[in-house]
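For the numbering used here, count along the sequence shown from 1 and bump the result up by 60.
Idealized CB from N, CA, C, for every residue including glycine.
First up is the structure itself, then whatever we jot down about it.
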Amino acid sequence: MSRYRALFRTPEFTPLFLTGTAHNVAQTLAGLGLATLVFRATGSPLLSALALFGPSLAQLVGATTLLSAADRLRPRTALAGIALFFALCTAVLAVPALPTWAVFAILLVQGLVASLGGGVRYGLLNEILAREDYLIGRSVTNMAVGVCQIGGFATGGVLVAILSPRGTVLAGAGLYLVAALVARLGLGERPPRAAGRASVGETWRTNRRLWSSPARRRCYLALWLPNGLIVGCESLFVPYAPERAGLLFACAGLGMLVGDTAVGRFVPARLRGPLRYPLQALLAAPFLVFALDPGLPLALAVVTVSAVGYGASLLHQERLMALVPDELSGHALGLHTSGMLALQGVSAALAGTLAQYTSPRTGMVLLAVASLTVTLALARADRKAADLSTDPRTDLSTDPRTDLSTDPRTDLSTDPKTDQSADGSALPPTEAPSSGSRPSPHTARRRTA
Numbered sequence: 061m062s063r064y065r066a067l068f069r070t071p072e073f074t075p076l077f078l079t080g081t082a083h084n085v086a087q088t089l090a091g092l093g094l095a096t097l098v099f100r101a102t103g104s105p106l107l108s109a110l111a112l113f114g115p116s117l118a119q120l121v122g123a124t125t126l127l128s129a130a131d132r133l134r135p136r137t138a139l140a141g142i143a144l145f146f147a148l149c150t151a152v153l154a155v156p157a158l159p160t161w162a163v164f165a166i167l168l169v170q171g172l173v174a175s176l177g178g179g180v181r182y183g184l185l186n187e188i189l190a191r192e193d194y195l196i197g198r199s200v201t202n203m204a205v206g207v208c209q210i211g212g213f214a215t216g217g218v219l220v221a222i223l224s225p226r227g228t229v230l231a232g233a234g235l236y237l238v239a240a241l242v243a244r245l246g247l248g249e250r251p252p253r254a255a256g257r258a259s260v261g262e263t264w265r266t267n268r269r270l271w272s273s274p275a276r277r278r279c280y281l282a283l284w285l286p287n288g289l290i291v292g293c294e295s296l297f298v299p300y301a302p303e304r305a306g307l308l309f310a311c312a313g314l315g316m317l318v319g320d321t322a323v324g325r326f327v328p329a330r331l332r333g334p335l336r337y338p339l340q341a342l343l344a345a346p347f348l349v350f351a352l353d354p355g356l357p358l359a360l361a362v363v364t365v366s367a368v369g370y371g372a373s374l375l376h377q378e379r380l381m382a383l384v385p386d387e388l389s390g391h392a393l394g395l396h397t398s399g400m401l402a403l404q405g406v407s408a409a410l411a412g413t414l415a416q417y418t419s420p421r422t423g424m425v426l427l428a429v430a431s432l433t434v435t436l437a438l439a440r441a442d443r444k445a446a447d448l449s450t451d452p453r454t455d456l457s458t459d460p461r462t463d464l465s466t467d468p469r470t471d472l473s474t475d476p477k478t479d480q481s482a483d484g485s486a487l488p489p490t491e492a493p494s495s496g497s498r499p500s501p502h503t504a505r506r507r508t509a
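Set out below in structure tokens:
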């Protein structure tokens, strides 16, 4: 507990934590209220799922066009502005008789703006906390998401039942406004983390750089695909049990809280690598029980146990941060967040389509099988890469943690024997690694998220 107390005594951590908490509760309330409104108006499981997770689809567009701004905006201004924008848009979504096409147009714009939020928020967390505190700090923020889902979906279910779905959406708008005020008044003014002007070209160049390493690619796929498919399962809770959806979501939040707490607090460093994929398999396997058409108590237990597997995300994010240069941390985390949410939106659309032509529980089972298959394939690829790295017949002079063959910080045109460029001109001595260079995960505890 002393480490948690020290974490909250760190300047600016508490207001950043409260800003994220208010934003998550607002998103939970507004999403549940809006999904219920859309389902009642259209009777469509697909549209209901898209109302809850559809804005995530727009994050894919934002990740390929706007993400370079995550390190080039002032963090306080960006976070306060994004929360205020969400408050206004959510208030508009509560307008009576708003056409369905207008609802999804607003959700699309929200998703584009939100693509910056993850990079700005977690990049700022990277600045606020010391290197050795990042793992537990990210664990705390993940646990807060679980608590927010438990409280938010439980409260949202009550508000939908005793108030109205529209009133629940307005409550979410009010909490977005609270998040904007906390960010504006609680965070200090900081300069952008990177110089230069944000552009689509710069976003693409940095994305290509991050995607160039096979090890980083496997991390991103592990963070995006298995989790996203299970979120697709969860997007069917409303059509599966319209009156009990809030309770199912709350159980998912409880399981996620347990998983993140266990991984962030109790799993020793030596077990984190081996535990990544087995824990992620736990995320999908329990959903196979829905093939038996379980009763509500068993369904609640299945959802709770499954969500413990979300703790694997912390382990994959720790691995990713060990492979990413410091100056790209905000962009890398933003790409992770945007890709994760985009895949959640794609999975929600896929889940809704499957449920439309089969049934909600059939859709959940099919997506769980797909998630489990992807997890096993990625685990096998990681084992194969590890075997190659220990094969004495394989030349592995390139360190996979730095991936010098694709790292723009390394000038590969230099002949290491002559210290000359390709045209024969002498070059200055190689610059020594900065203090921010990432240590080996075997010699120093690396940041996780």
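Query raised in the report: Ala275: beta carbon under 7 angstroms from a heavy atom of the ligand NAP?
Result: Looking at this structure, you won't find the ligand NAP or any other ligand, since it has none at all.
Query raised in the report: Can you list, in chain order, the residues of its chain whose CB lies under 8 angstroms from that of Val429, leaving out five sequence neighbours each side?
Result: In the sequence shown, the residue the question calls residue 429 occupies position 369. Excluding positions up to five away in sequence, the list reads Ala344, Leu348.
Requested in this report: Quick one: using the 10 Å Cβ neighbour count with 16 as the cut-off for buried, is Ile210 buried or exposed?
Outcome: Stepping through the sequence shown from its first residue, residue 210 is reached at position 150. Label assigned to Ile210: buried.
Query raised in the report: Anyone know if the C-beta pair for Thr201 and Leu89 falls short of 8 angstroms?
Result: The residue you call residue 201 lines up with position 141 of the sequence shown. The residue you call residue 89 lines up with position 29 of the sequence shown. With contacts defined as CB atoms closer than 8 angstroms, Thr201 and Leu89 fail to qualify as a contacting pair.
Query raised in the report: With 16 as the cutoff for other CB atoms within 10 Å, does Phe68 come out buried or exposed?
Result: Position 8 of the sequence shown, counted from the first residue, corresponds to residue 68. With fewer than 16 Cβ atoms within 10 Å of its Cβ, Phe68 is classed as exposed.
Query raised in the report: Between which two residues does the alpha helix (DSSP H) carrying Leu383 extend?
Result: The sequence position of residue 383 within the sequence shown is 323, counting from 1. Judged by DSSP secondary structure, Leu383 falls outside any alpha helix (DSSP H); it is assigned neither H nor E.
Query - Every unbroken alpha helix (DSSP H) inside the segment 169-226 [4 residues or more] - result: 194-222
Query raised in the report: Relative to the alpha-carbon of Thr435, which residue among Leu331, Tyr194, Pro225, Leu342 has its alpha-carbon at the smallest distance?
Result: Within the sequence shown, the letter at position 375 stands for residue 435. For Thr435, the nearest C-alpha among the options comes from Leu342.
Query raised in the report: Going straight from the alpha carbon of Leu99 to that of Pro225, what length do you get?
Result: The residue labelled residue 99 in the question sits at position 39 within the sequence shown. The residue labelled residue 225 in the question sits at position 165 within the sequence shown. Contrary to the premise, residue 99 reads as Phe rather than Leu in this sequence. Inter-residue distance for Phe99 and Pro225 is about 11 angstroms (C-alpha atoms, whole angstroms).
Query raised in the report: Do the CB positions of Ser431 and Leu289 come within less than 8 angstroms of each other?
Result: Along the sequence shown, one-based indexing puts residue 431 at 371. Along the sequence shown, one-based indexing puts residue 289 at 229. Taking 8 angstroms as the Cβ cut-off, Ser431 and Leu289 qualify as a contacting pair.
Requested in this report: Under 6 angstroms Cβ to Cβ from Cys279, same chain only, skipping five residues before and after it: list those, please.
Outcome: On the sequence shown, position 219 is the one that residue 279 refers to. Correct list, in chain order: His376, Arg379, Leu380.
Report task. Please state if the CB of Ser259 and the CB of Leu374 are separated by a distance shorter than 8 angstroms. Result -> Locating residue 374 in the sequence shown gives position 314, where the first residue counts as 1. Locating residue 259 in the sequence shown gives position 199, where the first residue counts as 1. No. Outside cutoff.
Requested in this report: Could you work out which residue in Asp442, Thr266, Pro346, Phe326 is closest to Leu127 when comparing CA atoms only?
Outcome: Along the sequence shown, read from residue 1 onward, the residue named residue 127 stands at position 67. Among Asp442, Thr266, Pro346, Phe326, the Cα nearest to that of Leu127 is on Thr266.
Query raised in the report: Can you tell which of Tyr64, Phe77, Gly91, Glu187 has the C-alpha that lies nearest to the C-alpha of Glu294?
Result: Sequence index remark: in the sequence shown, residue 294 carries index 234 (1-based). Selected option, being the one with the closest Cα: Gly91.
**Report entry** Local conformation of Ser273 per DSSP, three classes
**Finding:** Against the sequence shown, residue 273 aligns to sequence position 213. Correct three-state label for Ser273: coil.
Query raised in the report: Pairing CB atoms from the segment 242-256 with CB atoms from the segment 74-86, are three or more of them under 8 angstroms?
Result: yes
Query - Assigned exposure category for Leu427 - 16 Cβ within 10 Å defines buried - result: Counted from its first residue, the sequence shown places residue 427 at position 367. When all chains shown are included, Leu427 counts as buried.
Query - For Val163, three-class secondary structure by DSSP - result: Your numbering for residue 163 matches position 103 in the sequence shown. The answer is helix: DSSP assigns Val163 an H, G or I state.
Report task. Measure from the alpha carbon of Thr422 to the alpha carbon of each residue in Ala86, Arg65, Pro105, Ala82, then state which is nearest. Result -> Indexing the sequence shown from 1 puts residue 422 at position 362. The candidate whose alpha carbon is nearest that of Thr422 is Pro105.
Query raised in the report: Cα separation between Leu356 and Arg443?
Result: Along the sequence shown, read from residue 1 onward, the residue named residue 356 stands at position 296. Along the sequence shown, read from residue 1 onward, the residue named residue 443 stands at position 383. Distance between the alpha carbons of Leu356 and Arg443 is about 39 angstroms.
Requested in this report: Given a cut-off of 8 angstroms, decide if Thr124 and Pro263 are closer than it, judged by their beta-carbon atoms.
Outcome: For the purposes of this step, residue 263 is identified with residue 203 of the sequence shown, where counting begins at 1. For the purposes of this step, residue 124 is identified with residue 64 of the sequence shown, where counting begins at 1. A small correction: the amino acid at residue 263 is Thr; Pro does not occupy that position in the sequence shown. Yes, Cβ-Cβ distance for Thr263 and Thr124 is below 8 angstroms.
Query raised in the report: Going by the beta-carbon positions, is the gap between Pro252 and Arg325 smaller than 8 angstroms?
Result: By one-based count along the sequence shown, residue 252 stands at place 192. By one-based count along the sequence shown, residue 325 stands at place 265. Contact: no.
Report task. Assign His502 to one of two classes, buried (16 or more other C-beta atoms within 10 Å of its C-beta) or exposed (fewer than that). Result -> Counting from one through the sequence shown, the residue named residue 502 turns up at place 442. In this predicted model, His502 has a pLDDT of only 35, less than 50, meaning its place in the structure is not dependable enough to derive any value.
Query raised in the report: Which whole-angstrom value is the C-beta distance of Gly177 and Leu185, which I expect to be below 8 angstroms?
Result: If you number the sequence shown from 1, residue 177 lands on position 117. If you number the sequence shown from 1, residue 185 lands on position 125. Between Leu185 and Gly177 the Cβ distance is about 12 angstroms, and since that is not below 8 angstroms, they are no contact.
Query - Sufficient close CB pairs (3 or more, under 8 angstroms) joining the segment 409-422 to the segment 132-148 - result: no
**Report entry** Own chain residues within Cβ distance below 7 angstroms of Val121, not counting five before or after
**Finding:** For this step, residue 121 is matched to residue 61 along the sequence shown. The answer, listed in chain order, is Leu172.
Query raised in the report: Does Leu167 have its Cβ less than 8 angstroms from a Cβ in chain D?
Result: The question asks about chain D, but that chain is absent: this structure has only one protein chain.
Query raised in the report: Span of the alpha helix (DSSP H) holding Asp131?
Result: In the sequence shown, counting from the first residue as 1, residue 131 sits at position 71. Taken as a continuous stretch (DSSP letters only), Asp131 belongs to no alpha helix (DSSP H), as it is neither H nor E.
Query raised in the report: When you compare only the Cα positions, how much space is there between Pro286 and Ala402?
Result: Locating residue 286 in the sequence shown gives position 226, counting from the first residue. Locating residue 402 in the sequence shown gives position 342, counting from the first residue. Between Pro286 and Ala402, the alpha-carbon positions lie close to 13 angstroms from each other.
Query - Boundaries (first-last residue) of the alpha helix (DSSP H) holding Asp320 - result: Within the sequence shown, the letter at position 260 stands for residue 320. First-last of the alpha helix (DSSP H) with Asp320: 305-325.
Query raised in the report: In three-state terms, what does DSSP make of Leu76?
Result: One-based indexing of the sequence shown puts residue 76 at position 16. Three-state DSSP puts Leu76 in a helix.
Report task. Could you pull the start and end residues of the alpha helix (DSSP H) that Val298 belongs to? Result -> Stepping through the sequence shown from its first residue, residue 298 is reached at position 238. First-last of the alpha helix (DSSP H) with Val298: 297-300.
Query raised in the report: Going by C-alpha distance, which of Asp131, Ala372, Leu219 is nearest Glu387?
Result: The residue you call residue 387 lines up with position 327 of the sequence shown. For Glu387, the nearest C-alpha among the options comes from Asp131.
Report task. Taking all protein chains shown into account, decide if Tyr236 is buried (16 or more other Cβ within 10 angstroms of its Cβ) or exposed. Result -> In the sequence shown, residue 236 corresponds to position 176, counting from 1. When all chains shown are included, Tyr236 counts as buried.
**Report entry** Unbroken stretches of the alpha helix (DSSP H), 4 residues or longer, contained in the segment 389-420
**Finding:** 389-417
Query - Between the CA atoms of His83 and Arg453 - distance to the nearest angstrom - result: As a working note, residue 453 is residue 393 in the sequence shown. As a working note, residue 83 is residue 23 in the sequence shown. At Arg453 the pLDDT is 46, less than 50, meaning the model places this residue with poor confidence; the figure from the coordinates comes in the next sentence. Approximately 52 angstroms, taken between the alpha carbons.
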